[in-house]
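Trainee: Dumping the structure here so I can ask a few things about it.
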Amino acid sequence: VLGVQPASPASKAGLVSFLDFLVGANGQMLLASGENVEHGEEYPDVDLPALLEENKGKPVEFLVWNMKSQQQRLVQLTPDDTWGGAGLLGVTIRLDNYAGAEERLIRVLEIDSPQAPAAMAGLVPFHDYILGTTAETLQDTTQLATILGDNVDQVVEIYVYNSQSDIVRTVALMPTLSWGGQGLLGAEVGTGYLHRFPSKTQDTTGASVERKVRYLGTAPSKGGGGDEKKSAETTIELEPQLEMEVAGSESEEGSEPSEGPTPASPPPKPPQSESERMFATPSSSTVRKTTSDVADENQSASDNKQEGEVKPPPAVDGKPSRAAELFAGPPPVVG
22 VLGVQPASPA SKAGLVSFLD FLVGANGQML LASGENVEHG EEYPDVDLPA
72 LLEENKGKPV EFLVWNMKSQ QQRLVQLTPD DTWGGAGLLG VTIRLDNYAG
122 AEERLIRVLE IDSPQAPAAM AGLVPFHDYI LGTTAETLQD TTQLATILGD
172 NVDQVVEIYV YNSQSDIVRT VALMPTLSWG GQGLLGAEVG TGYLHRFPSK
222 TQDTTGASVE RKVRYLGTAP SKGGGGDEKK SAETTIELEP QLEMEVAGSE
272 SEEGSEPSEG PTPASPPPKP PQSESERMFA TPSSSTVRKT TSDVADENQS
322 ASDNKQEGEV KPPPAVDGKP SRAAELFAGP PPVVG
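Structure, rendered in C-alpha cells:
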C-alpha cells in the first residue's frame, strides 16, 4: 500500500501507507504459490481489479500483513465508486515483496547541520525511517542515492515513518550541494538488522497521513504508435502536501532555527565515494550511536529472539501474471 486517500474505503478500514501489504482476498492468496504449475504455464494469480469490479457494494475480506507489528489481520473493504475519490478502494498500490522488508529500512542517524537538506525537510535523527517515494519503495541506499541524484535542486516527496509519533508522513526533500556541507542529504543513514523498527513500536500497526488523489483518465504512453488501448497509461494527480518552505530559510516541522552565527563551510576533503557524496556518511556504513540508540537496538534484537514470533508467509517468485503486470510498472494503480 503506497497511499491511502481520506474518507475512502481503505481509510475507514485502517490501511497504513507503506506498512501494510495486501496478500490475500476472499480466502485466496493474491499471488499463487506455483504448486502444480507446469513449466510455461501462467500462475493462477487473483485478478484484483476484476475482483473489485465484480464486488462493487459487497464486502471483500482481505488478508493484510503489517511489516511493523509483524502481524497479519483480516480487513473488510467494500469497493465503491460513489465515495467521492479516485478508485474503488481509494488506495494506491503496486506489486512488492514483503519478505525482509524490515531489513530494507533506511534509518536517519545524524544530521550534519540545521541547514542540511535533511534538516530543512524536518527529518528527525534516530527516530525517522525513510520508506520510499509516492511511486516506489526503497530497496537500499543505492536506490535512495539515485533518487537524490536525479532530483538535485528539485523537491521530491518521500514517505517517512517516525517511531515517536507512530505515524507515516510525507515530507518534501530538496537534495542540493549548495547548503554548505557534504552530500545531497546532509545526514548519516543506516540499514540492516540494527536499524529495524524499535521493539516498543511493534504493539501497533501504525497510522499514516492520508492524501487526496484525482483521477485524470488515461493518456497514450510516451513514444506513441501501436494499439492505443495497449499503450494507454493511467494518469493521476496527488494533492500537493509540502512540509517545508522551499524558497525560505526556515523549516516548519521537525527542526528549529539555528542559534548564533551560521557555521562556516568545512575545509575541502579528499574525493568521496558515491555513497559519501549522496549521504555524507562513511561508505563502510560505520555510524555513531547514542547510548539510548544502542539500548533500543539491543532490546529489539532480544525481542526478535523470543519464541512464538509470527512470521509472514513465504514470498513467492515466479513468472509475472496478469495481476503482476497490472501492478508492477509505473505509474502505480489507484484501486
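Per my numbering, residue 22 is the first one in the sequence shown, and the count goes up by one each step.
In this text, a Cβ means the ideal position worked out from N, Cα and C, and glycines have one as well.
(1) Whole-angstrom Cβ separation of Gly207 and Ala140, contact assumed at under 8 Å?
(2) Return helix, strand or coil for Ser220, following the three-state DSSP convention.
(3) Indicate whether Lys77 and Thr226 have their beta-carbon atoms separated by less than 8 Å.
(4) State the DSSP-derived secondary structure class of Ser32, mapped to helix, strand or coil.
(5) CB-CB under 6 Å to Thr158, same chain, minus the five flanking residues each way: which ones, in chain order?
(6) Identify, in the order they occur along the chain, each residue of the same chain with its Cβ nearer than 8 Å to the Cβ of Asp187, setting aside the five sequence neighbours on each side.
(7) Please determine, among Leu144, Val173, Ser29, the residue with the shortest C-alpha to C-alpha distance to Pro100.
(8) To the nearest angstrom, report how far apart Glu178 and Leu43 are at their CA atoms.
(9) Got a sec? Which residues, its chain only, sit under 8 Å from Leu73 by beta carbon, not counting five neighbours each side?
(10) On the three-state DSSP scale, how would you describe Asp389?
(11) Under the rule that 16 or more other beta-carbon atoms within 10 Å means buried, what is Thr163, buried or exposed?
(12) Span of the alpha helix (DSSP H) holding Pro53?
(13) In the DSSP assignment, find the unbroken alpha helix (DSSP H) run with Ala193 in it and report its ends.
(14) In or out: Val176 buried (at least 16 other Cβ within 10 Å) or exposed?
(15) Can you tell me which of the three DSSP states Gln82 falls into?
(16) Can you tell me whether Leu98 sits near the ligand MG, meaning its C-beta is under 7 Å from at least one heavy atom of the ligand?
(17) Considering Cα atoms alone, identify which of Val181, Asp174, Asn183 is closest to Leu205.
(18) Straight-line CA distance for Ile151 to Gly48?
(19) Using C-beta distances below 6 Å, list every residue in its chain close to Ser184, excluding the 5 sequence neighbours before and after it, in chain order.
(20) Could you have a look at Ala137 and say whether DSSP puts it in helix, strand or coil?
(21) Between the C-alpha atoms of Gly45 and Ile168, what's the straight-line distance to the nearest angstrom?
(22) Measuring alpha carbon to alpha carbon, tell me which residue in Gly170, Asp68, Leu84, Ala53 is nearest Ala34.
(23) If I follow the unbroken alpha helix (DSSP H) through Ala71, where does it start and stop?
(24) Identify, in the order they occur along the chain, each residue of the same chain with its Cβ nearer than 8 Å to the Cβ of Ser199, setting aside the five sequence neighbours on each side.
(25) Just to confirm the assignment, what range does the beta strand (DSSP E) spanning Thr113 have?
Mentor: According to the structure shown:
(1) Position 186 of the sequence shown holds residue 207. Position 119 of the sequence shown holds residue 140. Here Gly207 really is in contact with Ala140; their C-beta atoms are around 7 Å apart, less than 8 Å.
(2) Working through the sequence shown from its first residue, we reach residue 220 at position 199. Here Ser220 sits in helix by DSSP.
(3) Translated into positions along the sequence shown, residue 77 becomes position 56. Translated into positions along the sequence shown, residue 226 becomes position 205. No, Cβ-Cβ distance for Lys77 and Thr226 is not below 8 Å.
(4) In the sequence shown, residue 32 corresponds to position 11, counting from 1. In the structure shown, Ser32 sits in a helix (DSSP, three-state: H, G or I).
(5) As a working mapping, residue 158 is identified with position 137 in the sequence shown. Asp117, listed in sequence order.
(6) Taking the first residue of the sequence shown as position 1, residue 187 is located at position 166. Within the same chain, Asp187 has close Cβ partners Thr222, Thr225, Gly227, Ala228.
(7) Position 79 of the sequence shown holds residue 100. Nearest of Leu144, Val173, Ser29 to Pro100, Cα basis: Ser29.
(8) Walking along the sequence shown from the start, residue 178 turns up at place 157. Walking along the sequence shown from the start, residue 43 turns up at place 22. C-alpha separation (whole angstroms): 23 Å.
(9) Counting from 1 along the sequence shown, the entry for residue 73 is found at position 52. Its chain contains Val81, Pro100, Leu109, Leu110, Gly356 as the residues whose beta carbon lies nearer than 8 Å to that of Leu73, once the 5 sequence neighbours on both sides are disregarded; these appear in chain order.
(10) Because residue 389 is not part of the residues shown, which for the chain are 22 to 356, the question remains open.
(11) Looking up residue 163 in the sequence shown gives position 142. Classification for Thr163: exposed.
(12) The sequence position of residue 53 within the sequence shown is 32, counting from 1. According to the sequence as given, residue 53 is Ala; it is not Pro. Premise fails: Ala53 is in no alpha helix (DSSP H) and is neither H nor E.
(13) Along the sequence shown, one-based indexing puts residue 193 at 172. In the DSSP annotation of this structure, Ala193 is not part of any alpha helix (DSSP H); the continuous beta strand (DSSP E) holding it starts and ends at 188-194.
(14) As a position in the sequence shown, residue 176 is number 155, starting the count at 1. Exposed, by the Cβ-count rule.
(15) Working through the sequence shown from its first residue, we reach residue 82 at position 61. What sits at residue 82 in the sequence shown is Glu, not Gln. Looking at Glu82 - three-state DSSP - the assignment turns out to be strand.
(16) Among the ligands in the structure shown, none appear at all, so the ligand MG cannot be discussed.
(17) Within the sequence shown, the letter at position 184 stands for residue 205. Checked all of Val181, Asp174, Asn183; the closest Cα to Leu205 is Asp174.
(18) As a working note, residue 151 is residue 130 in the sequence shown. As a working note, residue 48 is residue 27 in the sequence shown. Gly48 has its alpha-carbon roughly 33 Å from the corresponding atom of Ile151.
(19) The residue labelled residue 184 in the question sits at position 163 within the sequence shown. If we look at Ser184 and ignore the five residues flanking it on each side, its Cβ neighbours are His148, Pro219, Thr222.
(20) Within the sequence shown, residue 137 is the residue found at index 116, counting from 1. Ala137 falls in the coil class under three-state DSSP.
(21) Along the sequence shown, read from residue 1 onward, the residue named residue 45 stands at position 24. Along the sequence shown, read from residue 1 onward, the residue named residue 168 stands at position 147. Each residue's alpha carbon lies about 31 Å from the other.
(22) Position 13 of the sequence shown, counted from the first residue, corresponds to residue 34. For Ala34, the closest of Gly170, Asp68, Leu84, Ala53 by C-alpha to C-alpha distance is Leu84.
(23) Residue mapping note: residue 71 aligns to position 50 of the sequence shown, counting from 1. Where Ala71 is concerned, the enclosing alpha helix (DSSP H) stretches over 69-75.
(24) In the sequence shown, residue 199 corresponds to position 178, counting from 1. Correct list, in chain order: Asp174.
(25) In the sequence shown, counting from the first residue as 1, residue 113 sits at position 92. Where Thr113 is concerned, the enclosing beta strand (DSSP E) stretches over 112-114.
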